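Colleague: Numbering (the working numbering), first residue to last: 8 to 224.
My questions will all concern the structure given below.
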Amino acid sequence: MLKKKNLVFLGPPGAGKGTIARILSDETGLTHISTGDIFRAEIKGGTELGKKAQEYVSSGGLVPDELVGDMVGSRLAKDDCADGFILDGFPRTLPQAEIFKNVLDKIGKKLDLVVYFKASDDVLLKRLTARIICKQCGLNFNKLFSPPKKDGVCDECGGELYQRADDSLETAKDRLEVYYKETSPLIDLYRGEGLLLEVDGEQDKMKTYPELLEALS
Ligand code: AP5
Ligand code: MG
């Protein structure tokens, strides 16, 4: 049984938030909520939210705080979050952290831990520009660090692999810039609240996972 179950994953693009969140969710049953994945699905589905988010996501900018806050608020109130959640990619600005606090108060939940994945720009850009993702099941591969067994095909479900439009070198650099300006102040905020756990995002993910599990137990 985990002692800490309501989690935020914080860190720059490419640091491994989604990769570790998927492993942790598969192994422990915590509900994985990736705001980026939700926006990509809404854009693909052509929904109202998707239409509003599209220009921000494709340029590497941030979707307006209120829009993200409302979406996360209704997502966290669902039954599958009752036994814990991993918020991957939210909050991402100081106003979002404030919105998040209010949402938690409203639904009677408490944040247990913010896991900060730290990695250098060189590593991040190498990973982002080589990332490929399964269209069907969302599993992550990397042309450089964890290639699929068969070119362009998901090992797990046989789905087709694609590259995210915002993983071009230019947009990845823009996303990093946005991260340092808008998101990195959250590190000090949560450190000050005694909620921050820093992990080495550059090390092997199979080393990070047990370390994290121990910190949650
Ligand atoms: P989002 O999808 O959240 O993108 P991101 O923050 O840029 O993060 P990434 O998904 O790129 O990185 P990750 O840390 O998950 O890395 P991963 O595990 O995949 O957001 C996309 C967009 O949506 C935003 O730009 C914005 O427009 C919008 N948005 C989302 N949330 C928002 C919010 N709260 N407010 C406003 N707008 C929002 O790993 C990357 C690669 O590296 C993979 O190929 C993986 O296989 C590999 N890898 C991972 N770990 C390792 C390792 N340890 N060793 C070797 N390779 C590794
Ligand atoms: Mg991700």
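Ideal Cβ placement from N, Cα and C applies to all residues, glycine included.
Here the structure is a predicted model, which is why all the values come from computation and not from measurement.
Roughly how many whole angstroms lie between the Cα atoms of Ile-194 and Tyr-123?
Modeller: 7 Å
Colleague: For the alpha helix (DSSP H) containing Thr-26, name the first residue and the last one.
Modeller: Note, Thr-26: alpha helix (DSSP H), 24-35.
Colleague: Just the Cα atoms here: how many angstroms apart are Val-130 and Ala-60?
Modeller: 28 Å
Colleague: Do you know whose CA, among Leu-31, Arg-134 and Phe-152, lies nearest Asp-173's CA?
Modeller: Arg-134
Colleague: Starting from Asp-5, follow the alpha helix (DSSP H) in both directions and report where the run begins and ends.
Modeller: The shown model of the chain, from 8 to 224, leaves out residue 5, and the question about it has no answer.
Colleague: What do you reckon, is the C-beta of Gly-6 under 6 Å from a heavy atom of the ligand MG?
Modeller: Examination of residue 6 is not possible in this model, given that the chain is present from 8 through 224 alone.
Colleague: Are there any heavy atoms of the ligand MG lying less than 6 Å away from the beta-carbon of Gly-25, as far as the coordinates show?
Modeller: yes
Colleague: Quick one: Cα of Phe-97 to Cα of Leu-14, how far?
Modeller: Near 10 Å, if we compare the C-alpha coordinates of Leu-14 and Phe-97.
Colleague: Determine the direct distance from the alpha carbon of Cys-144 to that of Tyr-216, and round the result to whole angstroms.
Modeller: When rounded, the distance between both Cα atoms is 21 Å.
Colleague: Relative to the C-alpha of Ile-93, which candidate in Asp-119, Asn-109 and Ala-104 has its C-alpha closest?
Modeller: Asp-119
Colleague: So, with DSSP's three-state summary, where would you put Lys-108?
Modeller: helix
Colleague: Would you please state the rounded distance, in angstroms, between the beta carbons of Glu-189 and Arg-99? I believe it to be under 8 Å.
Modeller: 6 Å
Colleague: Among all the DSSP beta bridges, which residues are the ones paired with Glu-167?
Modeller: Val-160
Colleague: Which residues mark the beginning and the end of the beta strand (DSSP E) in which Tyr-186 is found?
Modeller: Boundaries cannot be given for Tyr-186, as no beta strand (DSSP E) includes it and DSSP labels it neither H nor E.
Colleague: Check whether the Cβ atoms of Leu-223 and Leu-9 lie closer than 7 Å to each other.
Modeller: yes
Colleague: Name the residue from Glu-163, Lys-125 and Gly-68 whose alpha carbon lies nearest to the alpha carbon of Glu-205.
Modeller: Lys-125
Colleague: Per DSSP, Ile-93 is paired with what?
Modeller: Leu-14 and His-39
Colleague: Determine the contact status of Ala-22 and His-39, defining contact as a CB-CB distance below 7 Å.
Modeller: no
Colleague: Is the CB-CB distance between Leu-146 and Ala-137 below 7 Å?
Modeller: no
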